[in-house]
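>
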Amino acid sequence: MGAQVEIRNADGDFYAIMLVQEGRYRVINLPPQDYVVREIDPVGYRSTTPNKIQAQVRANTCLEINFGDISNTIGLPYRVYFPMLQQR
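Written out as structure tokens, the structure reads:
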């Protein structure tokens, strides 16, 4: 599908950016702090959920963040499952 997910810390510095092909991504061992996780819609899709989510990562936790998109051409809902996992 080709969505991109970027993760920035509270200061706006990049932590990670990744191309998501199979609808899932995983980030391990994020340092505990606040992040903004943003999905960049793939070509031919529009969002059904907010594209930017604030996440508070704490030690010894696991977060799941989901984004949803719909095809511009088919018009049928297409939910994309993008869990973000963090463990320490």
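The working numbering puts the last residue of the sequence shown at 100; the count rises by one with no breaks.
Each residue gets a CB set at the ideal place from its N, CA and C atoms; glycine is no exception.
Treat the numbers as computed from the prediction; the structure is a model and nothing was measured.
Have a look at the DSSP bridge pairing and note the partners of Ile29.
Glu18, per the DSSP bridge assignment.
> From the DSSP secondary-structure annotation, give me the bridge partner or partners of Glu51.
BP columns for Glu51 point to Val17.
> Could you tell me the boundaries of the beta strand (DSSP E) in which Tyr57 lies?
Its beta strand (DSSP E) spans residues Tyr57 to Ser59.
> Taking 8 Å as the threshold (C-beta atoms), are Tyr47 and Arg20 in contact?
Contact flag set, yes.
> In the DSSP assignment, what residue or residues form a beta bridge with Val69?
Val69 is bridged to Gln45.
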